[in-house]
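J.:
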Amino acid sequence: IDNDYMLHPSQKKMIRDELLKEGEVHPEKFSPNVVLRPVYQETILPNIAYIGGPGEIAYWLQLKKVFESFNIPFPVLLLRASFAIIPGALMEKAVMTGIAWPDYFNLKIEEITRKFLTDYDSGGLNFEKEYESIAEIFNLLNERAGLVDDQLIPQLAVEQKNMNDIMAKILTKFNKALKQKSASEIKIMERIKGILFPQNTPQERFISGLENYSMLKNNLHEILKMANPLENELKLLKI
Numbered sequence: 007i008d009n010d011y012m013l014h015p016s017q018k019k020m021i022r023d024e025l026l027k028e029g030e031v032h033p034e035k036f037s038p039n040v041v042l043r044p045v046y047q048e049t050i051l052p053n054i055a056y057i058g059g060p061g062e063i064a065y066w067l068q069l070k071k072v073f074e075s076f077n078i079p080f081p082v083l084l085l086r087a088s089f090a091i092i093p094g095a096l097m098e099k100a101v102m103t104g105i106a107w108p109d110y111f112n113l114k115i116e117e118i119t120r121k122f123l124t125d126y127d128s129g130g131l132n133f134e135k136e137y138e139s140i141a142e143i144f145n146l147l148n149e150r151a152g153l154v155d156d157q158l159i160p161q162l163a164v165e166q167k168n169m170n171d172i173m174a175k176i177l178t179k180f181n182k183a184l185k186q187k188s189a190s191e192i193k194i195m196e197r198i199k200g201i202l203f204p205q206n207t208p209q210e211r212f213i214s215g216l217e218n219y220s221m222l223k224n225n226l227h228e229i230l231k232m233a234n235p236l237e238n239e240l241k242l243l244k245i
């Protein structure tokens with residue numbers, strides 16, 4: 007029934023009026039829990055602004071209508087400063103790959119590798135002219151087939167597909183050869199991606215506070231200088 011509420015795990019049932027009365031008599035039994043924590047927080051201790059991480063900000067934004075329904079001022083949301091830690095030696099090696107740092111955060115390692123190989127040897131991996139030449143040849147053959155026998159045209163389409171499949175296999179071999187030629191650079195890119203996203207998890211969610219402190223205790227003053235919540239960007243910190 008819509009007017010019934012069940013308590014977990016006791017399975018005790020209460021109607022709406024009983025539940026409201028229980029809240030008035032024993033408010034200590036009720037908790038805003040995670041769903042209404044921001045609303046409760048801003049009720050007992052209002053803030054002009056709230057500084058949080060990406061996940062927290064996204065969570066607060068979902069509750070804007072809830073704040074409006076309770077007529078509680080919604081604070082200004084500010085994204086906290088975020089840092090990623092990179093060994094200095096590796097940061098220097100990263101320059102030789104030519105990959106921009108945002109790519110390590112926005113692309114998968116396969117996409118980063120593909121971009122590197124394309125930029126590294128665009129002539130070796132760009133088969134557009136070859137595919138265009140094949141298309142031009144078969145266009146001419148189709149025109150001639152139309153003059154001789156229209157039944158040849160479907161057969162030519164099959165042969166054109168076979169030629170394109172052969173070119174795709176050749177491209178795969180070119181790609182494999184370039185990977186072997188660029189093994190050291192690819193290894194650097196894979197290591198950088200692995201440090202920034204260990205086990206495919208953002209670094210700041212993977213490394214504990216104690217680990218961070220042990221690595222950054224000599225750089226705390228530098229971090230404080232860089233930590234500006236009004237700068238909506240992630241900063242790389244070399245250690």
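Following this note's numbering, the residues of the sequence shown are numbered contiguously, the last one being 245.
Beta carbons: idealized from backbone N, C-alpha and C, even for Gly.
Values in this document were obtained by computation on a predicted structure and should not be read as measured data.
In angstroms, rounded to a whole number, what distance separates the CA positions of Lys35 and Ala233?
T.: 40 angstroms
J.: Measure the C-alpha to C-alpha separation of Ile140 and Gly200 and round it to an integer number of angstroms.
T.: Distance between the alpha carbons of Ile140 and Gly200: 41 angstroms.
J.: If we call anything under 8 angstroms between Cβ atoms a contact, is Val45 one with Leu83?
T.: Contact flag unset, no.
J.: Extract the residue ranges of the alpha helix (DSSP H) inside the stretch 143-175, only unbroken runs of 4 or more that lie entirely within it.
T.: none
J.: Would you call the stretch 12-24 in contact with the stretch 50-59, where contact means no fewer than 3 C-beta pairs closer than 8 angstroms?
T.: no
J.: Between which two residues does the alpha helix (DSSP H) carrying Phe212 extend?
T.: 209-212
J.: Counting pairs of Cβ atoms below 8 angstroms between the stretch 175-192 and the stretch 83-95, do you hit three or more?
T.: no
J.: Does the Cβ of Glu54 have 16 or more other Cβ atoms within 10 Å, making it buried, or fewer, making it exposed?
T.: Going by the sequence as given, residue 54 is Ile instead of Glu. Exposed, since its Cβ has fewer than 16 Cβ neighbours within 10 Å.
J.: So, for Pro108: in the same chain, excluding its five sequence neighbours on each side, which residues have a beta-carbon less than 8 angstroms away from its beta-carbon?
T.: none
J.: Tell me Phe264's beta-bridge partners as DSSP assigns them.
T.: The chain is shown from 7 up to 245; residue 264 falls before or after that span and cannot be answered.
J.: Suppose you measure from the CA of Ser37 to the CA of Glu28; what does that come to, to the nearest Å?
T.: In this structure, the alpha-carbon of Ser37 lies about 13 angstroms from that of Glu28.
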